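Single-structure report; data block below.
Chains as they are written, first to last, in our numbering: chain A, 1 to 349; chain B, 1001 to 1349.
Written out as structure tokens, the structure reads:
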């Protein structure tokens, strides 16, 4: 039986290998079907692995890569003559078919730039987008882009919508409702890109486009996929995480105010902890890059062991759902939008 | 003694005069120093007032205005030949000095366009911005723009920063910390406008600019003023309101799970209600337009009586703090930024 391998950039993130190695080894122990390739400075990685007993080395490779891309480096720096960086080597494993997905907690801009360079985008996709599932009052909603693209054209927003729709279908949603994030639901609202993107989305074949949505509509669960540029998506995600932290801290303070409240609080605190985890989706689950010829998952830079484990699990799920395969298939059918055909963005195959 | 008058656009909002008249009359009864001018279809307003007993008519004027600007009309429609709309007449009262502030729950785009036409912006300000106070883990933070300007130049963001700083000072914060909302705190992050705005803000005299901030930093209370374009600000505000609703609904559900929890919940629910009110700032407090030669407060279109009362109170506070006067004074000193002087945005007086 073919066992997919997940390549781990073991050097990235705020905590680096001291967090990533234990997270990887504990998941390896928990999931007997998991195969990992840890990429980084092999002597350091071996030392960290030696601190753990009973590691199944038949399912664990170490791939040496001496260079590390810093968290504050510019993407351009990561592209030039850095073929020995752990991030680059991990992506190469995917390109060569030696791994079926790559997970990194490193520099987001560098990961985006390197992933485009090494893996290339799918035909018909200009730039990849980052996506994660946001909890709502109904089912979780896929939000993209989360920060890989600060400025987006209407055509890019259209591509994101299509990718989000395919991803939601792969995850089991029938005819996903796709909405465009805006500052009002009336047609006259919004900036030029958003208005133009709405026109394109109405013309896109096989897309269940439901129109504009506002931030509160997202949390009411009114759409399965919400599309926006990376600046807006990143602000939405991070402000939501900050607000959720604040609200839960205040509720905890409420629980501590009286004895009776403390007793109930003792019961409720674990539930609040779970709610907190769920409400910080990027920090705990990682985000997938969509639109590449391969699977890349970005774990949050400040993710701890639990967060990094979740990011590996997300990569395993993306492999299982064959997201790039589904996307390629859908893109080969064309967008069915005249404007995009005219501008040449339609895939030529 | 001079008693300031607040002009109320009595016809705007989702609920119109049936909500605005009772809200206005109840606040009039509660605050003996308040003087109001209700602007709208006078026969309808008189009928609604007649439903209330003991209204102090010495502090209440009715100003007739037959036309109403619809909530879905384009701003351009509100500008053309609509001088008899309640919104226009209310703003005229401010321009003529017959009122010292205007409050409307009507069409935001129309209010912005009409306010600029009737009241004009202060010298040195291209476009007004909408601002409200957002709760954080520390002191409330002024966020602007909230949706009046979907696309902003770096110079406009600089003007917003200055206006926010002056407003925070008027509200009692010494040397307010001003930050620019971005998707990272490193200098290389963000789009062109944000990067250029950061350069301008560093050169702005007398401004305590602390650099970039992310959405979670805002809720940690790391700044007193946070500046962004209206698209981003509106998304942040509305998604925050939606998320806060969702979290509080889930916490309430936690309280209902057990008998003991229900008992404590009975104590905690009023506190949760207060938290919910605080976490929906625009809906409950309204937002001030900054940068006009007069005070204009926008109440949320779907605000109920409590929300509209808060918007009137905000207008009364803005009068007390003489926000336009402080802004004019500060703008007369210039921005102290070479770029802006060169581009001619500096006030000529």
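All C-beta atoms in this analysis are idealised placements derived from N, C-alpha and C, irrespective of residue type, glycine included. If you're wondering where the values come from, they're calculated on a predicted model, not measured in any experiment.
With a 10 Å radius around the Cβ and a threshold of 16 neighbouring Cβ atoms, residue 46/A comes out exposed.
For the region 1146–1179 of chain B, there is no continuous beta strand (DSSP E) assignment of 3+ residues that stays within its boundaries.
Within the same chain, 156 come within 6 Å of residue 126/A by CB-CB distance, once the 5 residues on both sides are set aside. Taking the Cα positions, residue 1104/B is about 9 Å away from residue 1020/B. Every beta strand (DSSP E) of 3 residues or more that sits fully in the region 14–48 of chain A is shown, in chain order, as 35–40.
Non-local C-beta neighbours of residue 1230/B in its own chain, meaning closer than 6 Å and more than five positions away in sequence, comprise 1145, 1147, 1148, 1149, 1150, ordered along the chain. Using a Cβ distance threshold of 8 Å, residue 1269/B and residue 1134/B do not count as a contacting pair. Residue 1083/B and residue 245/A have their alpha carbons spaced roughly 48 Å apart. Taken through DSSP and simplified to helix, strand or coil, residue 1211/B comes out as strand. Taking a beta-carbon distance threshold of 8 Å, residue 208/A does not count as an interface residue toward chain B. Across the structure, residue 274/A and residue 321/A are spaced so that their CA atoms are roughly 26 Å apart. DSSP places residue 1298/B inside the beta strand (DSSP E), whose first and last residues are 1295–1298.
Below 8 Å, enough C-beta pairs join the region 1312–1319 of chain B and the region 1287–1299 of chain B to call them touching: three or more.
Taking all protein chains in view, the Cβ of residue 172/A is surrounded by fewer than 16 other Cβ atoms within 10 Å, so the residue is classified as exposed. Residues are counted here when their Cβ sits less than 7 Å from a Cβ of chain B; for the region 141–155 of chain A these are 147, 150, 151, given in chain order. Taking all protein chains shown into account, residue 1205/B has fewer than 16 neighbouring C-beta atoms within 10 Å of its C-beta and is therefore exposed. Of all residues in the region 1301–1327 of chain B, none has a C-beta nearer than 8 Å to a C-beta of chain A. For the region 232–249 of chain A, residues whose beta-carbon sits nearer than 8 Å to a beta-carbon of chain B comprise 232, 234, 235, 236, 237, 238, 239, 240, 241, 242, 243, 244, 245, 246, 247, 248, 249. Comparing alpha carbon positions, the residue from 1117/B, 1049/B, 1100/B closest to residue 1075/B is 1117/B.
Pairing residue 1247/B with residue 236/A gives a Cβ-Cβ distance that is not under 8 Å. Those residues of the region 1003–1015 of chain B placed with their C-beta closer than 7 Å to a C-beta in chain A do not exist. Between residue 272/A and the set 286/A, 253/A, 285/A, the nearest pair of CA atoms involves 253/A.
DSSP, reduced to helix, strand and coil, places residue 1101/B within a strand of the structure shown.
For residue 141/A, DSSP records a beta bridge to 134/A. Residue 1108/B sits in a helix when the DSSP states are folded into three classes. In this structure, residue 167/A lies near residue 142/A, with their beta-carbon atoms less than 8 Å apart.
Among the CB atoms of chain B, none fall inside 8 Å of the CB of residue 294/A.
Straight-line measurement puts the Cα of residue 198/A at about 31 Å from the Cα of residue 114/A. Contacts with chain B at 8 Å (Cβ-Cβ) do not include residue 50/A.
Contact between the region 1028–1035 of chain B and the region 1008–1015 of chain B is absent, with fewer than three C-beta pairs closer than 8 Å.
A direct Cα-to-Cα measurement between residue 61/A and residue 15/A gives close to 21 Å. Its chain contains 1107 as the residues whose beta carbon lies nearer than 8 Å to that of residue 1070/B, once the 5 sequence neighbours on both sides are disregarded; these appear in chain order.
Within the region 185–197 of chain A, contact with chain B at the beta-carbon level (separation under 7 Å) is assigned to 186, 188, 190, 191. Across the region 212–229 of chain A, CB contacts with chain B closer than 8 Å involve 214, 215, 216, 217, 218, 219, 220, 228, in sequence order along the chain. Cβ proximity to chain A below 8 Å picks out 1072, 1074 from the region 1058–1084 of chain B. Per DSSP, reduced to three states, the secondary structure at residue 216/A is helical.
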